[in-house]
Amino acid sequence: MPDGPDTPHLDETSAKVLLLRRWSEMPRHLQFNPHILTGYRPLMTIRQCLGSLFYIHNETVNILTHGFAILYMLVTVPHLLPWNTKGTLVGVLSWCHFIGAVSPWIGSFLYHLFMNVNYDEVLYRTLLKVDMIGIWLCQSFGAIPMMAAAVHCLADNVWYCCIFIYCSLSMWGLLKAMTAKSPWERRLCFAPPFLMRMLIMMLRCFDIGGGSPEALIHIILQDLIAVIGATIGALRIPEKWIPGRLDLVLNSHNVMHVMVVLAVCSMHSATLKDLAWMSDPFTCNKTSSLPSDREEL
Numbered sequence: 001m002p003d004g005p006d007t008p009h010l011d012e013t014s015a016k017v018l019l020l021r022r023w024s025e026m027p028r029h030l031q032f033n034p035h036i037l038t039g040y041r042p043l044m045t046i047r048q049c050l051g052s053l054f055y056i057h058n059e060t061v062n063i064l065t066h067g068f069a070i071l072y073m074l075v076t077v078p079h080l081l082p083w084n085t086k087g088t089l090v091g092v093l094s095w096c097h098f099i100g101a102v103s104p105w106i107g108s109f110l111y112h113l114f115m116n117v118n119y120d121e122v123l124y125r126t127l128l129k130v131d132m133i134g135i136w137l138c139q140s141f142g143a144i145p146m147m148a149a150a151v152h153c154l155a156d157n158v159w160y161c162c163i164f165i166y167c168s169l170s171m172w173g174l175l176k177a178m179t180a181k182s183p184w185e186r187r188l189c190f191a192p193p194f195l196m197r198m199l200i201m202m203l204r205c206f207d208i209g210g211g212s213p214e215a216l217i218h219i220i221l222q223d224l225i226a227v228i229g230a231t232i233g234a235l236r237i238p239e240k241w242i243p244g245r246l247d248l249v250l251n252s253h254n255v256m257h258v259m260v261v262l263a264v265c266s267m268h269s270a271t272l273k274d275l276a277w278m279s280d281p282f283t284c285n286k287t288s289s290l291p292s293d294r295e296e297l
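So, in structure tokens, the structure goes:
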């Protein structure tokens, strides 16, 4: 058949289509979800991975949601935190929140963007660990301000004990997450610190220990939204019901990414209210006249 005026256009379109692969054509370590049938990037160079930012594939939503979250947090969070203006303790907690609010997006952005680099599975596992470390920093450092506020009005030894226990559970979770063999194992690694946060949240509901009353709804939402998102991701719905129809957008992993962003926004709102509450030296009626070693941190 002779070449027509539309042939270059057809060749260009075909080249773009050939950029993407089916699930069955991917290496085993990149076969995550059998209900997502198409839209996979092939193994690529680093430059090609960067180029994949400019066309649609089944990781586009995951990359962009967390990329925009990085920019939003870096631009807005530093101007909203009290840093050292309200005491050393609040300054330390401000740094904890900043690390927790930014780190998950950086780790996840790098993981999803470069997961198809054509080196070997070892590099992929390294990127996965970077992603897990980002999540861990959010779960551990990001939650410390909430934990500190929740026991702010208790005795110093109780305060230090609670923070130590939470940090120990978080370290245990990190060590387990680095050696987990499956997504379910990685999720369960965060269960102990999550359960402790739930216990502390129950104390706040009964006005025991401290914490801003206005922050409570955001604290409930931050974990509730995250749990719902993780559950949707684990159950692989709705694409399980209509395989191949949600390959590029609105699949479970996309939904989970959006919900995690919303969860961290709730964490951010709760932390700002808790830090403002802790900055008031008379916030604890019974202990406002008693000196606290925590103010000298």
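Residue 139 in full-length UniProt numbering is what sits at position 139 of the sequence shown, and the numbering runs on without skipping anything.
We put the CB at the ideal spot given by N, CA and C, even for glycine.
Note that this is a predicted model, so its numbers are computed, not measured.
Simplified DSSP state of residue i, which is helix, strand or coil
i              : result
tyrosine 111   : helix
methionine 26  : coil
residue 299    : Limits of the chain in this structure are 1 at one end and 297 at the other, which puts residue 299 out of reach.
arginine 21    : strand
valine 151     : coil
glycine 233    : helix
histidine 165  : Sequence inspection shows isoleucine at residue 165; the histidine mentioned does not correspond to that position. Reduced to three states, the DSSP call for isoleucine 165 is helix.
proline 183    : helix
residue 311    : Residue 311 falls outside the range modelled here, since the chain spans only 1 to 297, and no answer is possible.
leucine 272    : helix
asparagine 251 : coil
asparagine 33  : coil
cysteine 189   : coil
serine 279     : coil
cysteine 205   : helix
alanine 101    : helix
cysteine 284   : coil
glutamate 142  : Glutamate is not the amino acid found at residue 142; the sequence shown has glycine there. Note: glycine 142 maps to coil in three-state DSSP.
threonine 38   : coil
proline 213    : helix
lysine 129     : helix
Residue i burial status per 10 Å Cβ neighbour count (16 or more: buried)
i                 : result
phenylalanine 282 : exposed
alanine 191       : exposed
glutamine 31      : exposed
leucine 175       : exposed
histidine 9       : With a pLDDT of only 48 at histidine 9, under 50, the local geometry of the prediction cannot be trusted, and no value is derived from it.
alanine 263       : buried
phenylalanine 98  : buried
leucine 195       : exposed
leucine 20        : buried
alanine 141       : Inspection of the sequence shows that residue 141 is occupied by phenylalanine rather than by alanine. Its Cβ being crowded by 16 or more others within 10 Å, phenylalanine 141 is buried.
proline 145       : buried
valine 90         : buried
alanine 155       : exposed
leucine 169       : buried
asparagine 58     : buried
methionine 132    : buried
lysine 273        : buried
aspartate 280     : exposed
Nearest residue (CA-CA) to residue i, options the options
i              : options                           : result
asparagine 118 : Leu272, Met256 and Pro42          : Pro42
glycine 229    : Glu239, Leu246, Val255 and Gln222 : Val255
leucine 37     : Leu246, Val264 and Ser252         : Leu246
glutamate 121  : Gly91, Pro27, Leu53 and Val264    : Pro27
threonine 179  : Leu128, Trp159, Gly87 and Leu216  : Leu128
proline 193    : Cys138, Ile208 and Gly244         : Cys138
valine 260     : Ala276, Ile225, Ile232 and Leu19  : Ile225
glycine 39     : Leu272, Cys284, Leu248 and His268 : Leu248
tryptophan 105 : His257, Met147, Thr85 and Tyr55   : His257
leucine 81     : Leu235, Thr271 and Ala149         : Thr271
isoleucine 46  : Met115, Pro183 and Ala234         : Met115
cysteine 265   : Gln222, Cys284, Glu239 and Ile232 : Gln222
leucine 275    : Met202, Gly211 and Ser182         : Gly211
valine 130     : Trp277, Phe109, Asn251 and Pro78  : Phe109
Residues bridged to residue i [DSSP beta-bridge criterion]
i          : result
valine 117 : Met44
Beta carbon proximity, residue i to chain C, threshold 8 Å
i              : result
isoleucine 200 : No chain C is present in this structure, which holds just one protein chain.
Any non-hydrogen atom of the ligand ZN within 7 Å of residue i CB
i           : result
arginine 47 : Among the ligands in the structure shown, none appear at all, so the ligand ZN cannot be discussed.
*Uninterrupted alpha helix (DSSP H) stretches inside the stretch 40 to 67 (no shorter than 4 residues)*: Every alpha helix (DSSP H) stretch that sits fully inside the stretch 40 to 67 and reaches 4 residues is listed by chain position as 46 to 51.
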